[in-house]
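Note that the protein sequences, when read in sequence, are chains V and Z.
Residue numbers for the first sequence follow my numbering, beginning at 12 and rising by one.
Residue numbers for the second sequence follow my numbering, beginning at 4 and rising by one.
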Amino acid sequence: MKKSFFTVAGNRLLAENTYEMVLRGDSSAVKKPGQFVHIALDGFYLRRPISVCDWSEHSITMIYKTVGKGTAYMAGLEEGDRLEVLTGLGNGFDSKKSGNKPLLIGGGAGIPPLYALAKKLMQEQKQVFAILGFNRVDEVFYAEEFASLGVNVIITTVDGSVGRKGFVTDAMEIDMADYTYTYSCGPEPMLKAVYEKAVSDGQYSFEERMGCGFGACMGCACQTKYGSKRICREGPVLEKEEIVW
Amino acid sequence: MVDTSINLSGLHLSNPIIPASGTFGFGYEFAEIYDINILGSFSFKGTTKEPRFGNAAPRIAETHAGMLNAIGLQNPGIDKVISEELPKLKQVFSKPVIANISGFSLEEYAYCCEKIDKEEQVGIIEVNISCPNVHEGGMSFGTSPESAAAVTKAVKAVTSKPVYMKLSPNVTDIAEIAAACEEAGADGISLINTLTGMRIDLKRKKPILNNVTGGLSGPAVLPIALRMVWEVYKKVSIPIIGMGGVSTAEDVIEMMLAGATAVSVGAANLKDPFASKNIIESLPDAMKELGIKKLTDIIGGAHNA
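Structural data, given as C-alpha cells:
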C-alpha cells in the first residue's frame, strides 16, 4: 500500500453513467490486475474504492459508474485536479492459473479490472475469450479496446439492443465449450450465475462496502470455506472453491 | 523542547496517542507503512472468549463527518490472540500494548482477563462494556452503574494489571457509571465508545446496515466526547483515556484540557492510515504554538476557571 497524490489527466464519459479517469502519479504499488485504489474526495469522510482498469509506470486508468454522491463528485473532476489515493490494495487476479484458453466474464462496472487481466493473459500468449454483459447498448464500453488486445469478445445485452440478447451465462453455454479457466467480476447475482454454470475452476472478484480499504476495520469481511476473509485484503478476488454464497 | 510524555497507571508513554481498539487491528497493517513504535501504545481489536465472525454485511456506512460501523466484535478468540496475534505483534511492536476485552457474561470477561493477565506484552487491560453492535451482553453491561461495577469487580479479581473500563455514551449519565467503576476498583476509564445511529438507503428505502444500527465515530462525535470526558473528569480521580472523533494534534490537546491523561485515535486511522503518525509528529509544534511545555500540565486544565 502506498499513499500519494495523483493528478487527473483525463475524465471522459464512456457510456451511460460510466466514466474513464486517467490519473498521473506514482503507480509503483500496483502489482496485479484486479487490485483497486482508494480515493479520498473532498467533503466525503470515507474513500471510494475503484478497481484499476489499466496502469503504466506513471499512470492509472479507472472506469467507474456514477452510483451515488461520491462517484457523481468524481465525474465532475477536471484535468489538473489533485487526488490523494491509496494504491496497491487487494490481492488481484492470478494469471498463472488460467491454462491456455481462459474465459473472462464481466458485467457492467465489473468489466474494468478484466481489461488489465486480458492484457496480461495476451502477453502470456494465452487464447483469451471475454463475455462482456450490459443491460443495453447505451451502457456498452471497451468492446473495441478488448478486441484490439486480440481478445475474442462477445457482447451480451439484456434487451438485445446490441450483441447477443440475454445474460452473460447464456453466451457461456453457446459459444464457450472448452475454456480452461474462468475469471469473473460483476454484480453478485451475476457472479453466482457464472459460478453455477462454469465447468472450470476460476477466480471471482467481489465488491463490498468498505471502511479503510487496507484491512484494519474488518468492515468488508466475508465468510469463505477457509474462514473469514477481508474483501479489501485477502480479496477482492476469491477462488471458486472457497466461495460461500 | 516540549515534553509529550505521560504516565498511565505506572506505564510511561512517550506520547499520549493510543490508536483505538477496532481501528488498528493487531497492528500489522500499519506496521507495513510506518514504525508503530512511535505510538504511545495501541489498543488491540476487541477480543472475546470464543472466535466471532460478527454481523452480516453491509457493516459500514458513511455519514457527514464520520462513519457508522456494525462489525459486531469480529475476532479470532482469546486463545488465538495469545498464541498467534501477540507473538506476531512482538515482531513489530516492542512497547506494552493495551488488551481490549469484551464478553457476554461476567464469567467470559473474567476468563479472558485471567488469560491475558499472564501476557507480558500487555500493559493495560481495557474492558469493553460498551459495544453497541452485539445483541447479547456487550453494551448492556455498560448501561447501568450496578452491572458496570459487577464487571469491574469480576475482572479486578483475576488480574494484577491496570484495568480501564471502556464506557458507552449511549446512557443518561456516564459520570455516574464511571464513578461506580472507580468504586469497584477500576484503575482508569476509557471513553467514549461509538454512539448508536443509523442511515437509510434512499434507493432501497431500507437501512444501509444489515444490523440496522451501528456505532457512529469520526469528527462528528468530538464535541460529545469532550463533554463526556469533562463530566467524568469532574466525578472521578482515576485517569481517563479520552476518545471520540480525535483527528488532529489540536483535538488531542482539547481532549486533555477536558480531563484526559491519554488520547485514543479511532476512525481517523481508517480514513488515513497515517493519521496517528501525523498527529504524533505535529503534536510538538501544536504545543509550542499554544505555549505548552509539558503535556501533563494541561490535563483537566479547562476546569480551572
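The beta carbon of each residue, even a glycine, is placed where N, CA and C say it ideally should be.
Quantities reported herein were computed from a predicted structural model and do not represent experimental measurements.
Residue burial classification, residue i (beta-carbon count within 10 angstroms, cutoff 16)
i	result
I283(Z)	buried
D190(Z)	buried
F140(V)	buried
Y237(V)	exposed
N307(Z)	exposed
I203(Z)	exposed
E219(V)	buried
H67(Z)	exposed
Q214(V)	buried
W256(V)	exposed
A83(V)	exposed
F16(V)	exposed
E90(V)	exposed
N103(Z)	buried
G87(V)	exposed
M70(Z)	buried
D53(V)	exposed
R93(V)	exposed
H49(V)	buried
Option nearest residue i by Cα separation, candidates the options
i	options	result
G57(Z)	P79(Z), A68(Z) and F45(Z)	P79(Z)
G224(V)	T26(Z), K156(Z) and K208(Z)	T26(Z)
P19(Z)	F29(Z), A34(Z), S44(Z) and S12(Z)	S44(Z)
E250(V)	F16(V), Q138(V) and N102(V)	N102(V)
M221(V)	V205(V), C233(V) and V210(V)	C233(V)
I192(Z)	I74(Z), G75(Z) and I128(Z)	I128(Z)
G200(Z)	A113(Z), K208(Z), A181(Z) and N173(Z)	N173(Z)
P90(Z)	M168(Z), K296(Z) and V125(Z)	V125(Z)
Residue i versus residue j - alpha carbon distance
i	j	result
E111(Z)	I301(Z)	38 Å
R58(V)	A187(Z)	43 Å
E53(Z)	V158(Z)	17 Å
L109(Z)	V154(Z)	6 Å
K42(V)	N213(Z)	33 Å
E31(V)	V268(Z)	36 Å
P123(V)	I61(V)	10 Å
L132(V)	N10(Z)	57 Å
L219(Z)	N146(V)	37 Å
K83(Z)	W66(V)	39 Å
K274(Z)	G226(V)	12 Å
L160(V)	K130(V)	6 Å
Y194(V)	G117(V)	8 Å
G246(V)	G45(V)	9 Å
L205(Z)	K80(V)	12 Å
I74(V)	L34(V)	11 Å
E184(V)	A204(V)	12 Å
T264(Z)	L115(V)	56 Å
L286(Z)	G99(V)	30 Å
E9(V)	R230(Z)	In the structure as shown, chain V begins at 12 and stops at 256. Residue 9(V) is therefore absent and cannot be evaluated.
K209(Z)	V224(Z)	24 Å
V210(V)	F217(V)	20 Å
S172(V)	D181(V)	16 Å
Proximity test, Cβ basis, 8 Å: residue i and chain V
i	result
F56(Z)	yes
P210(Z)	no
N103(Z)	no
E65(Z)	yes
M70(Z)	yes
G248(Z)	no
R1(Z)	No answer is possible for residue 1(Z): it lies beyond the span of chain Z, which begins at 4 and ends at 308.
E35(Z)	yes
G49(Z)	no
E234(Z)	no
E179(Z)	no
G200(Z)	no
G221(Z)	yes
Closer than 8 Å to chain Z by CB, residue i
i	result
E253(V)	no
K236(V)	no
K14(V)	yes
G121(V)	no
A83(V)	no
S239(V)	yes
E150(V)	no
A86(V)	no
Residue i: CB within 7 Å of a non-hydrogen atom of the ligand COA
i	result
L132(V)	With respect to the ligand COA, the structure shown offers nothing to examine, as it has no ligands at all.
Closer than 8 Å, Cβ to any Cβ of chain V: which residues of the stretch 72-103 of chain Z, in chain order? Residues passing the 8 Å Cβ filter: N72, I74 and Q77.
Would you list, in chain order, the members of the stretch 255-277 of chain Z that have their beta-carbon closer than 9 Å to a beta-carbon of chain V? Result list: A270, N272, L273, K274, D275, P276 and F277.
Could you name the residues of the stretch 8-30 of chain Z whose beta carbon sits closer than 8 Å to any beta carbon of chain V, in the order they occur along the chain? Listed by position along the chain: G25, T26, F27 and G28.
Got a sec: which bits of the stretch 172-201 of chain V sit with their beta carbon under 8 Å from any beta carbon on chain Z, in order along the chain? Cβ proximity to chain Z below 8 Å picks out nothing from the stretch 172-201 of chain V.
Compile a chain-ordered list of the residues in the stretch 29-58 of chain V whose CB is closer than 8 Å to at least one CB of chain Z. Answer in chain order: A51, F55, Y56, L57 and R58.
Give, in chain order, every residue of the stretch 213-225 of chain V whose Cβ lies closer than 9 Å to some Cβ of chain Z. Going along the stretch 213-225 of chain V in chain order, one finds E219, R220, M221, G222, C223, G224 and F225 with a Cβ nearer than 9 Å to chain Z.
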